[in-house]
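Residue numbers (my numbering): 147 to 827. For each residue, glycine too, the CB sits at the ideal point set by N, CA and C. It should be emphasised that the depicted structure is a prediction, and the values quoted were computed from it without experimental measurement. Data first, discussion second: the structure below is written as structure tokens.
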């Protein structure tokens with residue numbers, strides 16, 4: 147509507163509003179402007195009530211300023227007409243004569259009440275809410291921006307979606323910041339209305355007596371009525387706008403408008419409505435109180451309670467029917483049978499007692515924690531963790547048991563108590579806590595499950611107290627970190643390569659498909675993840691693969707060259723840059739034996755040694771690393787690059803948390819101290 151003229155209409159109207167303060171207006175024109183003021187104010191109030199979220203009416207702060215200026219211009223024009231012509235139009239006269247019954251004292255009282263309501267109640271409350279909303283919105287901006295960046299880095303959203311979210315965050319901050327300032331306009335408007343009314347009373351009284359020679363009583367009566375009418379005419383739209391301001395700053399984002407939300411939430415509990423109705427009926431029995439009023443209102447509340455109860459029963463029945471209908475449709479679908487044999491990448495099964503921590507409607511935060519785990523691992527390892535399906539298994543698990551499955555195979559399990567807290571002993575204590583003994587599922591520590599009332603006692607004794615959902619989330623983090631390589635599918639590898647290609651196409655086009663396939667890149671990335679090396683720096687990884695693939699396409703060889711190019715990352719990840727770091731080294735004779743026993747195969751290389759000899763090597767590694775363990779934060783074994791992968795396959799079977807690092811993978815920052823040489827006689 148209005149086409150290209152829309153950009154000029156508001157500008158012209160603002161100029162005309164300013165002109166109203168200078169150019170005298172006839173009474174008829176003033177009536178039209180006053181009626182327009184009322185209509186626009188009512189329209190703004192209704193708009194604020196029908197918006198579902200504040201940003202749908204983002205022009206409200208600017209519109210508030212324009213309407214404030216418009217009311218002040220009407221005040222100036224009406225004051226000029228009252229003092230010069232004793233005629234301010236029929237609307238102001240009607241408000242002075244009919245609305246307040248021609249009594250200037252009553253009119254002044256009504257006007258003052260309206261000013262007090264607007265200034266003390268609505269305006270001050272809206273101003274405070276706007277200040278708090280602006281402050282908290284600005285404080286939350288960095289966290290929201292970081293959340294958007296994390297989702298983008300994890301691949302959960304696209305670049306375009308990230309831009310839209312950032313734009314929405316900026317618009318929200320701008321809106322509440324503008325509302326913080328715009329609320330001052332409403333406050334100033336209320337003060338200005340009071341001052342203008344006082345000036346009009348004194349000015350009209352003086353003009354009537356000094357210029358027109360009227361007696362004091364007559365001058366007061368005539369000009370006071372017009373002044374009161376003018377005050378009411380301007381104050382009522384101002385009160386409406388103030389109410390609209392209060393509504394929009396207190397409005398939270400919703401799927402429905404204010405009217406629907408208010409009615410649906412008030413009628414949410416029929417019992418409350420019924421109690422209210424019976425309370426009014428009881429009040430009707432009190433002597434002296436009007437029985438008709440209380441009985442009629444009580445009956446209305448009881449009828450509303452009955453209607454709300456019937457509606458609630460109907461909603462529940464409709465929900466059950468809809469769920470049953472969807473279940474039948476799902477069973478009839480041809481692909482329903484295939485869903486039964488479909489394997490979820492990740493799944494958490496839980497027993498009956500763990501339902502509260504998995505159900506958000508019961509206050510459970512497990513789903514939120516799972517989202518945070520996925521984001522953390524995506525940021526840490528550089529691979530997107532698939533969606534984790536959470537479902538109950540009351541028949542196959544105990545009440546407090548849970549199980550973590552990777553493609554249908556268990557990779558972790560544990561037992562937690564949602565109504566208790568897990569206490570891990572920090573410093574040895576003589577007196578033990580009373581509770582249920584158990585094992586921490588992620589690291590196998592001895593723990594005690596205590597009641598929530600024992601939290602303070604446990605913390606005082608030096609115990610670390612953890613909630614049940616946090617225990618499960620920690621366990622999930624650890625098992626996913628250890629099995630991240632199994633989650634890297636060929637499709638996910640292709641997605642990661644496409645992501646690198648959008649940033650640095652040359653390194654990808656040089657390697658794929660001429661030198662290596664996506665499957666071979668997948669094996670290299672899986673080898674890195676298997677040993678806890680992040681794959682976030684895919685550009686460096688792809689460049690190294692492209693260089694090394696010209697010599698050999700063997701995944702183990704490619705992995706070796708990639709690890710050498712990631713020397714800074716490996717040194718930092720293993721903690722070798724914080725030294726001197728105690729490490730174990732491999733006897734050169736043992737290295738040579740492993741190299742001579744290494745044989746190629748279609749699945750890479752393997753060590754062809756007798757089982758007895760492999761057992762001896764494992765025992766030597768176990769003994770040697772046990773000697774290093776008390777001195778080092780984590781077990782690290784140094785070998786040559788040629789036999790590093792073979793040594794890791796052997797050592798990780800006996801020391802799962804070991805890091806086997808080649809000398810060629812050490813960065814210049816590495817500060818190590820060899821405290822043990824592992825050898826086999």
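Contact belief for residue i with residue j at Cβ below 8 Å, rounded distance in angstroms
{"i": "residue 681", "j": "residue 529", "result": "6 Å"}
{"i": "residue 228", "j": "residue 183", "result": "No, residue 228 and residue 183 are not in contact; Cβ-Cβ is about 17 Å, not under 8 Å."}
{"i": "residue 611", "j": "residue 562", "result": "Residue 611 to residue 562, Cβ: 14 Å. No contact."}
{"i": "residue 224", "j": "residue 238", "result": "6 Å"}
{"i": "residue 312", "j": "residue 294", "result": "6 Å"}
{"i": "residue 745", "j": "residue 752", "result": "6 Å"}
{"i": "residue 619", "j": "residue 579", "result": "Incorrect: roughly 23 Å between the Cβ atoms, too far for contact."}
{"i": "residue 726", "j": "residue 818", "result": "7 Å"}
{"i": "residue 500", "j": "residue 583", "result": "Wrong, their Cβ atoms sit about 19 Å apart, outside the cutoff."}
{"i": "residue 544", "j": "residue 497", "result": "5 Å"}
{"i": "residue 416", "j": "residue 454", "result": "4 Å"}
From the options, residue whose alpha carbon lies closest to that of residue i
{"i": "residue 613", "options": "601, 676, 524", "result": "601"}
{"i": "residue 296", "options": "525, 193, 795", "result": "525"}
{"i": "residue 180", "options": "222, 425, 204, 500", "result": "222"}
{"i": "residue 553", "options": "534, 543, 427", "result": "534"}
{"i": "residue 424", "options": "557, 464, 444", "result": "444"}
{"i": "residue 290", "options": "276, 427, 310", "result": "310"}
{"i": "residue 332", "options": "380, 439, 417", "result": "380"}
{"i": "residue 637", "options": "666, 779, 255, 622", "result": "666"}
{"i": "residue 215", "options": "288, 252, 387, 278", "result": "387"}
{"i": "residue 662", "options": "640, 502, 491", "result": "640"}
{"i": "residue 393", "options": "201, 709, 160, 427", "result": "201"}
{"i": "residue 366", "options": "173, 218, 250", "result": "250"}
{"i": "residue 676", "options": "527, 642, 537", "result": "527"}
{"i": "residue 624", "options": "548, 437, 523", "result": "523"}
{"i": "residue 187", "options": "568, 231, 217", "result": "217"}
{"i": "residue 739", "options": "242, 789, 683, 431", "result": "789"}
{"i": "residue 633", "options": "490, 656, 698", "result": "490"}
{"i": "residue 588", "options": "607, 606, 568", "result": "568"}
{"i": "residue 747", "options": "464, 703, 371", "result": "703"}
{"i": "residue 209", "options": "446, 342, 390", "result": "390"}
{"i": "residue 822", "options": "776, 429, 643, 795", "result": "776"}
In DSSP terms, what residue i is bridged to
{"i": "residue 616", "result": "In the DSSP output, where bridge partners are listed per residue, residue 616 has none listed."}
{"i": "residue 526", "result": "BP columns for residue 526 are empty, so no partner."}
{"i": "residue 551", "result": "493, 556"}
{"i": "residue 732", "result": "824"}
{"i": "residue 568", "result": "595, 612"}
{"i": "residue 805", "result": "782"}
{"i": "residue 583", "result": "594"}
{"i": "residue 561", "result": "547"}
{"i": "residue 538", "result": "496"}
{"i": "residue 819", "result": "728"}
{"i": "residue 752", "result": "745"}
Neighbourhood of residue i by C-beta, 8 Å cutoff - its chain only, sequence neighbours within 5 removed
{"i": "residue 809", "result": "784, 785, 786, 787"}
{"i": "residue 711", "result": "686, 687, 689, 690"}
{"i": "residue 591", "result": "570, 585"}
{"i": "residue 255", "result": "none"}
{"i": "residue 174", "result": "235"}
{"i": "residue 164", "result": "215, 219"}
{"i": "residue 130", "result": "The first residue shown for the chain is 147 and the last is 827, placing residue 130 beyond what the model contains."}
Sequence-distant residues of the same chain with beta carbon closer than 7 Å to residue i, five excluded per side
{"i": "residue 673", "result": "701, 705"}
{"i": "residue 804", "result": "771, 781, 783, 797, 798"}
{"i": "residue 629", "result": "552, 557"}
{"i": "residue 826", "result": "736, 762, 763, 766"}
{"i": "residue 346", "result": "225, 228, 373, 376"}
Cutoff 6 Å; reference residue i; Cβ partners in own chain excluding five residues on either side
{"i": "residue 338", "result": "none"}
{"i": "residue 586", "result": "593"}
{"i": "residue 520", "result": "531"}
{"i": "residue 581", "result": "594, 595, 596"}
{"i": "residue 154", "result": "none"}
{"i": "residue 207", "result": "324, 325, 328"}
{"i": "residue 265", "result": "336"}
{"i": "residue 465", "result": "none"}
Below-9 Å beta-carbon distance, residue i vs any chain D residue
{"i": "residue 555", "result": "Absent here is chain D; the protein component of the structure consists of one chain."}
Can at least three beta-carbon pairs, one atom from the stretch 800-816 and one from the stretch 716-729, be found at a separation below 8 Å?
The stretch 800-816 vs the stretch 716-729: in contact.
Hey, is the stretch 274-291 in contact with the stretch 317-325, meaning 3+ C-beta pairs nearer than 8 Å?
Flag = yes, the stretch 274-291 and the stretch 317-325 touch.
Would you say the stretch 458-465 touches the stretch 501-512, given that touching needs at least three Cβ pairs under 8 Å?
Flag = no, the stretch 458-465 and the stretch 501-512 do not touch.
If contact is defined by three or more beta carbon pairs under 8 Å, each pair taking one atom from either stretch, is the stretch 251-265 in contact with the stretch 367-385?
Flag = yes, the stretch 367-385 and the stretch 251-265 touch.
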